[in-house]
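Written out below as structure tokens is the structure these notes cover.
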Ligand SMILES: Nc1ncnc2c1ncn2[C@@H]1O[C@H](COP(=O)(O)OP(=O)(O)O)[C@@H](O)[C@H]1O
Ligand SMILES: Nc1ncnc2c1ncn2[C@@H]1O[C@H](COP(=O)(O)OP(=O)(O)O)[C@@H](O)[C@H]1O
Ligand SMILES: [Mg+2]
Ligand SMILES: [Mg+2]
Ligand SMILES: [Mg+2]
Ligand SMILES: [Mg+2]
């Protein structure tokens, strides 16, 4: 995928975050503090303002710009988490003019790696990690089986959706939801949901290829 | 009427204020501050505590006791107003062992006189005065026509009720309700209502005679 | 009714006990007589300044008892004027031989009860002067009403007058300054919600989700008119304009601006209102030389706010700045 | 949604403008960078103490910026941790060469953002120490959670630590005192009503007319459990008991008792709670040597209260009593 494709992915992500602003916030109302959708929309709106200047950037610089922008506009837990994720993704794609399917998988691994490094969460704690970990695994599997980028990203998205749904019965032990104890059970994690949306946006762009 | 009758009147009044605590407070909610029933019940409950000692008092002392008790327990506008009313009534009945019909009318005049002296209200301002003024006039008329105490007090009560109802269309120009301006129209004045209840209690006692 | 209370009839008594426990360094609470007295009262040769009114307006008045403000306060039942006995007891407790000033908010109940108390005090040979505050511009044509209500200015007046009294000024001068502050101040308030008198158990009035009351008093009385919800900027305009006009403020004037919360409105909103007020006054070239932002004269848990402006001169500014040490207001010591 | 606001997205900005207009004698507000800085910062040789967190908790933290408390505060969006850029800007603005203490409430968002800010400051050669407050006993078995939340103790810690920093003590000592205060303090809160985040427009959670939440945080998060309404005495018991036990208070101990309102609860109710708390502690022979009663760490317009107890020794008492002059807390000058 080219830097133009990456820009399309980011544009799609920004639109999706706006469309799901209320939905993500409702999820956060149930087990958090009712701001996840607002946070993500605020962050990606700031990213949107930079799209004009991003067309001429290479992929790594594009992703770094997203990371620094999210860090400095989102706040909350998701700001440093997604910010670090995009910064790590930028690191993993430096000097690349195009991303082959393998490069995209490496990028997704780095993305997840950033969130784990920053948040220290493991799977099963009812966080973004529960959507992203199976997604990255699925992407790797598809790659090994020689799948196309479209197949890789759509299988990653499907896995992320499963992982997201799997957070519903989980007892939160990280983040704000953990304060609820038992009462966190039965609600879908907002961050796992935004992670799925980010991957779904990627798959939609790659579907074209 | 004897000091025993007066005590019955006061006992009846105390019961009626308790029964109408919520009703008077609701009326005060509409155009005041939602406490008239609470105030009257608090005051007459304090009076009730003094009933045992009041049996041995003469009429004037009984009424003075009510006046001072109301002054020191009711507060609000109605405390000084009714307090002064009973104190004036006490003055008008001093040294009397029994009250003839004429004496009762004099007592009621003094009662009204106390409220007017303290509150400076005229009829038509949507206050207690609008119930008590016609009541006293009716009592005088009945007395001149040689009516019995039962007739005098029941006609005074009927006039008070009319006066009370007549406050509904009035624009309040005294007391808290006056702050509402036009919005005070269409509501019955709480104080006029408690005044009517006081007279009705008297009539009920005298009906026996 | 959702309140942190025990039995409704114990609300005032227990709140007083709490104040005593929290502020025993400043005040003496007589639960029986229902009065809050400055710990070092009576102060010989100093004019005693007392006030009182219904409870439910906390911190007013009990929270203003202490050095440089009130010598005593008489809390009545919720929204009900205290009784003359309390005022007389307070008057006696603070009389240091220089006489006592009664600061009375203009409500029939407060006026009549303080009137009786003043008569009793006079009978006991205590010199008493009464000053009635009536700053609420929401109440118009006072010939047709009980007169404008005493609201926000009362708080500022108690501070300023208390500052003068602390200097040992004579009763006549203290009363004169009190009248001056009242003349130089105006207020107007609004409510987003009603409030519930504990012993009643239900809201005094009902307000729709999209409605607010403009021109309310401080006892949950309905306001002068009910209008659709508006922005903080519009609400501030609705409150500030009549205050500015009634006070006849002109470019170049200096004011003490007081944005008050009604009890249920958080500070973040009061600062937004203050920002709006600041813009309005700035636009008219009126300077906010001093200000007070917070919930100081409340109506139980009512959500809403009021705006009070007092035209300042050197004398008022000096005594506003003078040291004060009470549970609710403290500076300079 | 009934609030005195304009556009939801302008709430924080306009509240900051209001604070600037009201307190320009004490603070400097940088609306662009979203920081509130003590007017005379940076003070050479003095450790800078900063804090920050989501907005909606006013007066915390901005109201605590001034002499003897915070050097700067970083307000985030409502209930959302500020971003590292703000914290870095505040850190630079208050660095007088003696280093900067970051007071961080234990929420993942606050911790992660302050962590990034500290990394950036270190890169700029500024010495930073971070202290995380985690006093909320409503959060149990912290091995299974993000750890206890930082709530009421944060306010008291900022005052006490600010008092020490004012003496010119070195960063290590200031940080050590901060950790000591956090170790000696515990809190627990409850809600009678939910609250509404302006940009959301509806209550974060729904509560029945006869229900309350016990063990809430300060972001409108639902509490640990939902129970039937109870009296102030019972509620105080529910909050005080776990605090007393977790802190291991014994007869003879002296405490700083803080009864805090959540934003929509009026002072009269807080004094009733303080009265109940005073009885409970008195019964256990624990002395309330110092106290604070009022709404200092709030959740927008939520009705409710929290109780914080800090075990006092001479050092903590000395710096609690030390002069402070901020918009929200002032004494001794
Ligand atoms: N330690 C962590 N590791 C990974 N993700 C986390 C962690 N803590 C919280 N999250 C994610 O952050 C989401 C909440 O983000 P957001 O609501 O924007 O921040 P905040 O909780 O500060 O309000 C949660 O739904 C969860 O998925
Ligand atoms: N100046 C006055 N003269 C006569 N009656 C008055 C006057 N002012 C008020 N009232 C009466 O007092 C009643 C209100 O009494 P209450 O509610 O107990 O006191 P408050 O108004 O102080 O709460 C009114 O309904 C009215 O009848
Ligand atoms: Mg959140
Ligand atoms: Mg009334
Ligand atoms: Mg009343
Ligand atoms: Mg948040």
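Residue numbers (the working numbering), protein chains in the order written: chain A, 1342 to 1550; chain B, 1342 to 1550; chain C, 2 to 334; chain D, 2 to 334. Glycine is no exception: its CB is placed at the ideal position from the N, C-alpha and C atoms. Computed from a predicted model, the values in this text were never measured in an experiment.
**Study point:** Residue span of the beta strand (DSSP E) that contains residue 1547/B, given as start and end
**Key:** Premise fails: residue 1547/B lies in the alpha helix (DSSP H), 1531–1548, not in any beta strand (DSSP E).
Check your understanding: What in chain B is Cβ-close to residue 223/C, meaning under 7 angstroms?
Key -> 1521 and 1524
Practice item. Output the distance between the C-alpha atoms of residue 1361/A and residue 261/D, rounded to the nearest integer angstrom. Key: 36 angstroms
Exercise for review: Output the distance between the C-alpha atoms of residue 1473/A and residue 225/D, rounded to the nearest integer angstrom.
Suggested key: 29 angstroms
Exercise for review: Drop a sphere of 10 angstroms on the beta-carbon of residue 1528/B, count the other beta-carbons inside from all chains shown, and report buried for 16 or more, exposed for fewer.
Suggested key: buried
**Study point:** Proximal residues of chain D, C-beta to C-beta of residue 1366/A below 9 angstroms
**Key:** 198, 200 and 201
Point to revise | Contact between the stretch 18–25 of chain C and the stretch 1513–1523 of chain B (3+ Cβ pairs under 8 angstroms) | key: no
Review point. Taking a cut of 7 angstroms between CB atoms, which residues from the stretch 137–159 of chain D lie near chain F?
Key: Protein chains in the displayed structure are A, B, C and D, and chain F is not among them.
Exercise for review: State the Cα-Cα distance for the pair residue 6/C and residue 1526/A, rounded to the nearest angstrom.
Suggested key: 34 angstroms
Review point. Quick one: is residue 1461/A buried, meaning 16 or more other Cβ sit within 10 Å of its Cβ, or exposed?
Key: exposed
**Study point:** residue 288/C: first and last residue of the uninterrupted beta strand (DSSP E) it sits in
**Key:** 288–295
Point to revise | Proximal residues to residue 1522/B (C-beta, below 8 angstroms), its chain only, five neighbours per side dropped | key: 1512
Review point. Are the C-beta of residue 297/D and some C-beta of chain A separated by less than 8 angstroms?
Key: no
Check your understanding: Roughly how many whole angstroms lie between the Cα atoms of residue 92/D and residue 203/C?
Key -> 50 angstroms
Exercise for review: Just tell me which of 321/C, 326/C, 15/C and 330/C has its CA closest to the CA of residue 295/C.
Suggested key: 330/C
Point to revise | Contact with chain C by residue 56/D, beta-carbon distance below 8 angstroms | key: yes
Check your understanding: Which runs of the beta strand (DSSP E) fall wholly inside the stretch 52–133 of chain D and span at least 3 residues, in chain order?
Key -> 73–79 and 101–106
Check your understanding: Which of the three DSSP states, helix, strand or coil, is assigned to residue 31/D?
Key -> strand
Exercise for review: Please confirm whether any heavy atom of ligand 2 lies closer than 7 angstroms to the CB of residue 137/C.
Suggested key: no
Review point. Which residues, in chain order, does the stretch 90–123 of chain C contribute to contact with chain B at a C-beta distance below 8 angstroms?
Key: 108, 109, 110, 113, 114, 116 and 117
Review point. In chain order, what residues of the same chain have a beta carbon less than 7 angstroms from the beta carbon of residue 78/C, not counting five sequence neighbours either side?
Key: 13, 55 and 56
Point to revise | Positions along the stretch 1395–1418 of chain A whose CB lies within less than 8 angstroms of some CB in chain D | key: 1412, 1413, 1414, 1415, 1416, 1417 and 1418
Check your understanding: Sorry if obvious, but does the Cβ on residue 1364/A come closer than 7 angstroms to a heavy atom of ligand 1?
Key -> no
Review point. Is the shortest distance between the beta-carbon of residue 317/C and the beta-carbons of chain D less than 8 angstroms?
Key: no
Check your understanding: Is residue 1376/B near ligand 4, in the sense that its beta carbon is under 7 angstroms from a heavy atom of that ligand?
Key -> yes
Check your understanding: Beta carbon of residue 81/D: closer than 7 angstroms to some heavy atom of ligand 6?
Key -> yes
Review point. Going by other Cβ atoms of all chains shown within 10 Å of its Cβ, with 16 needed for buried, is residue 299/D buried or exposed?
Key: buried
Practice item. Give me whichever residues DSSP pairs with residue 229/C in a beta bridge. Key: 212/C
Exercise for review: Output yes or no for whether 8 angstroms exceeds the beta carbon distance between residue 42/C and residue 104/C.
Suggested key: no
Practice item. Mind checking which residues open and close the alpha helix (DSSP H) that includes residue 217/D? Key: Looking at the DSSP string, residue 217/D is not in any alpha helix (DSSP H), and its letter there is neither H nor E.
Exercise for review: Would you please verify whether the beta carbon of residue 52/C is less than 8 angstroms from any beta carbon of chain B?
Suggested key: no
Check your understanding: What is the DSSP secondary structure of residue 239/C, counted as helix, strand or coil?
Key -> helix
Exercise for review: Compare the C-beta of residue 323/D with all C-beta atoms of chain C and state if any pair is closer than 8 angstroms.
Suggested key: no
Check your understanding: Can the beta-carbon of residue 1507/A be found less than 8 angstroms from the beta-carbon of residue 1471/A?
Key -> yes
Exercise for review: Output, in sequence order along the chain, the residues in the stretch 67–85 of chain C whose CB is closer than 7 angstroms to any CB in chain D.
Suggested key: none
Check your understanding: For a contact meaning CB atoms closer than 7 angstroms, what does residue 1380/B contact in chain C?
Key -> 81
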